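**Q** Here it is, the structure, as structure tokens.
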DNA sequence: TCACAAACGTTGGCATACCAAATACCAGTC
DNA sequence: GACTGGTATTTGGTATGCCAACGTTTGTGA
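Chains as they are written, first to last, in this note's numbering: chain A, 1 to 230; chain B, 1001 to 1230.
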């Protein structure tokens, strides 16, 4: 008889809960809309949401509760649920926290990552070394995000990965916008190259410093040019 | 006619929602019980909880949802809600993330904190300089926590404050236990003194490094001596 | 005695109903 | 016409009921 091991079946998707589905849908919608284009605050109507999603209010509310805890929405008692617009000050604070965590991840990566993993870092981002990034900024924006996520994953610290992943959701739009201001893209590439070199040399102090300064540079940039946020 | 401005009324207590009350009660109960003493997993029964708290299941579930997102409990579909016991690996990861954030806070404090605030740091923790801490470890444990929270607040970064505040809830017990192992208390004090001096000298690089190494030292300690966690 | 399955109770997931606070709307008064 | 007070409606907060999945117990046949 043929072994059933031949059958590679996924654990039936375990049809995730409606709450999880509602959460995904809402988070998607919130992060995709550009909140900072809207002049006035966006209010979410629980009943309309549950109607549109085709589920009852209960899972929608539970999803909104999670989103509140993550800082995406705000419950105002008896008034409604509002999508939060972060202030410039809050964005800067998030980037600073991000920098702290990513620089620690870089430090950890110096002792934890294998040579193959570090090499992979360079191989996966060839666009850093050729051509003018200002020509394909969209592509570069994505690669930029991936680069930072890769460093964080090399640190092999789940807590850092989880926290930064949430911070990224908030900051993604701003990060991309900043790339388009001034000469940041070209500058950014140089710094990335230096970071890769430091990691490959397994110089923990240098790697940490370069990652931190790269991040804090973005924070300063937002501090100066981010007035459109408020 | 007498102006109604004479009436100085406070804006009413605004009794928080049942959900918030349930959240507080549950978090209090979870952090106070010592999870790591229990041999087997602790299961929470929604119905019993709502009965004990005197409210319906709805606000209890919403509170539990938040606690799940914070990493305190785990929902198992159709099986129950369980209090999460962190593994040693996870505790170490949390301490590493903590170290990253607190060291960044120290760096920020060097430029942001006033002289008065820094002086306050030294004044508020006189116990660091006199007597043998091993004689009053409970007191010292509290002072220890306050010391680190104070540094973080001096960094004036709300995101760092919020994230670490949550991490602290998870790590508090471990941190206190570690103080009692070996000669860590005395050692810890020396490091605290060095940190205060670096902050007062407004040496950002040194402050960051000392805070980081202090934290990572705890992480290594748990790594080595924390086998009772698993 | 044991394997196994059918029945039952338990428990979380979800839907729905109700309530009270907040707001919008309207009538009456000066 | 502006303002006050009351009423209707909207909307989030909470309670409750139903259901399907899981665990346990009990019953049954070999």
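Each residue gets a CB set at the ideal place from its N, CA and C atoms; glycine is no exception. If you're wondering where the values come from, they're calculated on a predicted model, not measured in any experiment.
Alpha carbon to alpha carbon, how far is residue 1051/B from residue 1113/B? Give it in angstroms, no decimals.
**A** For the purposes of this step, residue 1113/B is taken as the residue at position 113 of the second chain. For the purposes of this step, residue 1051/B is taken as the residue at position 51 of the second chain. Taking the straight line from one Cα to the other gives about 48 Å.
**Q** Give the interface partners of residue 1066/B over in chain A, defined as CB-CB distance under 9 Å, in chain order.
**A** Against the second chain, residue 1066/B aligns to sequence position 66. Within chain A, the residues near residue 1066/B are 65, 66, 68, 69.
**Q** Hey, residue 1086/B and residue 1192/B are a contact pair by Cβ (cut 8 Å); roughly how many whole angstroms apart?
**A** Here residue 1086/B refers to the residue found at position 86 of the second chain. Here residue 1192/B refers to the residue found at position 192 of the second chain. Their Cβ separation, rounded to whole angstroms, is 26 Å, which puts residue 1086/B and residue 1192/B out of contact at 8 Å.
**Q** From the DSSP secondary-structure annotation, give me the bridge partner or partners of residue 1044/B.
**A** Taking the first residue of the second chain as 1, we reach residue 1044/B at position 44. Paired residues: 1081/B.
**Q** Starting from the beta carbon of residue 203/A, find every residue of chain B whose beta carbon is closer than 7 Å, and list them in chain order.
**A** Reading the first chain from its first residue, position 203 is the one you call residue 203/A. Within chain B, no residue comes near residue 203/A; the closest Cβ sits about 15 Å away, beyond 7 Å.
**Q** At what residues does the beta strand (DSSP E) containing residue 73/A begin and finish?
**A** Here residue 73/A is taken as the residue at index 73 of the first chain, counted from 1. Element bounds for residue 73/A: 73-76.
**Q** Whole angstroms is fine: what's the gap from residue 4/A's alpha carbon to residue 36/A's?
**A** Here the question's residue 4/A lines up with position 4 in the first chain. Here the question's residue 36/A lines up with position 36 in the first chain. In this predicted model, residue 4/A has a pLDDT of only 41, less than 50, meaning its place in the structure is not dependable; the value taken from the coordinates is given anyway. C-alpha separation (whole angstroms): 53 Å.
**Q** Relative to the alpha-carbon of residue 1153/B, which residue among 1110/B, 1188/B, 1194/B has its alpha-carbon at the smallest distance?
**A** Within the second chain, the letter at position 153 stands for residue 1153/B. Selected option, being the one with the closest Cα: 1110/B.
**Q** Spatial neighbours of residue 1196/B within its chain, please: CB distance less than 7 Å, with the 5 preceding and 5 following residues excluded, ordered by chain position.
**A** Working through the second chain from its first residue, we reach residue 1196/B at position 196. Answer for residue 1196/B: 1121, 1122, listed in chain order.
**Q** Along chain A, in chain order, which residues have C-beta atoms closer than 7 Å to that of residue 1163/B?
**A** On the second chain, residue 1163/B is found 163 positions in, with the first residue counted as 1. By Cβ distance, chain A contributes 97, 163.
**Q** Buried or exposed, going by whether 16 or more other CB atoms sit within 10 Å of the CB of residue 214/A?
**A** Your numbering for residue 214/A matches position 214 in the first chain. Looking at its Cβ environment, which holds 16 or more other Cβ atoms inside 10 Å, residue 214/A is buried.
**Q** Can you tell me which of the three DSSP states residue 4/A falls into?
**A** The count along the first chain starts at 1 and reaches residue 4/A at position 4. For residue 4/A, the predicted structure reports a pLDDT of 41, less than 50, and the residue's modelled location is therefore unreliable. The matter cannot be settled from this model.
**Q** Classify residue 16/A: buried if its beta carbon has 16 or more other beta carbons within 10 angstroms, exposed otherwise.
**A** The residue given as residue 16/A occupies position 16 in the first chain. Counting Cβ neighbours within 10 Å, residue 16/A comes out exposed, since fewer than 16 surround it.
**Q** Is there a Cβ of chain B sitting closer than 8 Å to that of residue 20/A, yes or no?
**A** Along the first chain, one-based indexing puts residue 20/A at 20. Answer no: the Cβ-Cβ gap between residue 20/A and chain B never drops below 8 Å.
**Q** If I follow the unbroken alpha helix (DSSP H) through residue 17/A, where does it start and stop?
**A** As a working note, residue 17/A is residue 17 in the first chain. No alpha helix (DSSP H) contains residue 17/A, which DSSP labels as neither H nor E.
**Q** Tell me whether residue 1219/B sits in a helix, a strand or coil according to DSSP, three-state version.
**A** In the second chain, counting from the first residue as 1, residue 1219/B sits at position 219. Note: residue 1219/B maps to helix in three-state DSSP.
**Q** Identify whether residue 1193/B lies in helix, strand or coil by the three-state DSSP scheme.
**A** Against the second chain, residue 1193/B aligns to sequence position 193. The answer is helix: DSSP assigns residue 1193/B an H, G or I state.
**Q** By the 9 Å beta-carbon criterion, what residues does the stretch 169-202 of chain A contribute toward chain B?
**A** Cβ contacts with chain B: none found.
**Q** I'd like to know whether the C-beta atoms of residue 61/A and residue 1062/B end up nearer to each other than 8 Å.
**A** Taking the first chain and counting its residues from 1, the one referred to as residue 61/A is at position 61. Taking the second chain and counting its residues from 1, the one referred to as residue 1062/B is at position 62. Contact flag set, yes.
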